[in-house]
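These notes concern the structure reproduced below.
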Amino acid sequence: MKSQSDQRIIDRILALKKEKSVYIIAHYYQVPDIQDIADFVGDSYAMAVAAKNSPLETILVAGVDFMAESAAILCPGKTVLTPEPGATCPMANAIRVEDIEAYKEQHPDALIVSYVNTPAAIKAVSDVCVTSSNAVKIISKLPKDVPIFFIPDENLGRYVQGQLDRKMDFFPSSCPIHAALTPETIALRKLEHPGAEVMVHPECRPEVIQMADYVGSTAGIISHACKCPQQELIIATECGIMHKIEELNPDKKLILADPELVCADMKKITPEKILYSLEHMETKVTVPEDIRVKAAVALEKMIELAS
Ligand code: SF4
């Protein structure tokens, strides 16, 4: 139950976003209070599309920095705000432009397929972006006879490669939250809940993915949780997803695969910081125009190939 002061913050956010005409887009990994005050909640693909289609001129993105950047890239005429510029993604920051240039030197005809979890400068030197919800579909549409450099999430890349049975090269990086989940932990959860459906995000390690009944993106897991007949569900992705699944499936027993599935960067965003952001209209997210234009090509290509 919310304290009176928490409720006052929420009420003030709701009043200010209306007064200042701000469209709030949140990721499923945000805390429940933030998901509840958002105008739109989705995974990174859906957030990018929602930003592009935003009915309002100011967008506040409750998600890590690359998500706010994607909104700024796709909406050059709009104001994009982040409540916490320090919320970032360690995996997105692992790759540098020089890594891509070095690969291109060896494979000049290669296509650079970049997970949306990348900074704008990386998207700008990519041919197409993908998310976990559309990577298989998009890569299946790319020419078969060219090398693909899939960056920066090796686990997702290997999952896609297995689905499509095509050769790909990878950058050695992964999400520290999903990659920390072990097969032993999944085995233990299965032992505790023998009839449960195991749902796993493709950012997890291949050995964990092998143990899943269902593998899918954040949005895919939510949708599958609603459709599958099992009453007990083991969820192997970031804990924030539980809020939406609980809301849609009040009668099912939901088990988070590991209490350590918490993205500290996503949780840097709080209702207090959103309130401050709305009061001061800070912090504005900008991307240098030359980078923005090139990065927009890779993001627009994703939206085109995913639809
Ligand atoms: S959950 Fe992993 S991939 Fe997503 S923002 Fe956090 S660290 Fe990055």
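124 is the number of the first residue of the sequence shown in this note's numbering; add one for each residue after it. Yeah, the Cβ is synthetic: ideal placement off N, Cα and C, and Gly gets one too.
Nearest-angstrom Cα separation, counted from residue j out to residue i
i	j	result
F272	N278	13 Å
M334	L139	46 Å
L304	P295	17 Å
V410	A302	30 Å
A310	P270	36 Å
P317	I357	10 Å
S400	K407	9 Å
A191	C212	12 Å
Q353	R131	39 Å
D336	T360	14 Å
G280	D134	42 Å
N216	T254	16 Å
V385	E180	32 Å
D374	E355	10 Å
S177	Y151	18 Å
D250	V420	8 Å
C298	L428	25 Å
V203	I392	15 Å
Nonlocal neighbours in the same chain, by C-beta distance under 8 Å from residue i, ignoring five residues either side
i	result
I397	I136, I147, I157, I160, L183, A185, P206
K141	none
Residue closest to residue i, alpha-carbon to alpha-carbon, out of the options
i	options	result
A319	H150, A380, T341, D188	A380
C327	V164, K143, G339	G339
I218	I235, K391, Q354, A149	I235
A342	V323, K391, A419	V323
V145	K417, E405, N372, A387	E405
D129	V187, P394, K290, K246	P394
P329	C351, V283, I344	V283
Opening and closing residue of the beta strand (DSSP E) in which residue i lies
i	result
E320	320-323
A185	181-185
L384	That residue, L384, is in no beta strand (DSSP E); it is neither H nor E in DSSP.
T202	202-204
S237	234-238
F273	271-274
Proximal residues to residue i (C-beta, below 6 Å), its chain only, five neighbours per side dropped
i	result
Y226	F272
M170	I148, M190
Run of the alpha helix (DSSP H) containing residue i, from where it starts to where it stops
i	result
T341	341-350
A258	258-263
Outcome for residue i when other beta-carbon atoms lying within 10 angstroms are tallied against a minimum of 16
i	result
H366	buried
R312	buried
C349	exposed
H403	exposed
S430	exposed
Q229	exposed
S167	buried
K376	exposed
Q127	exposed
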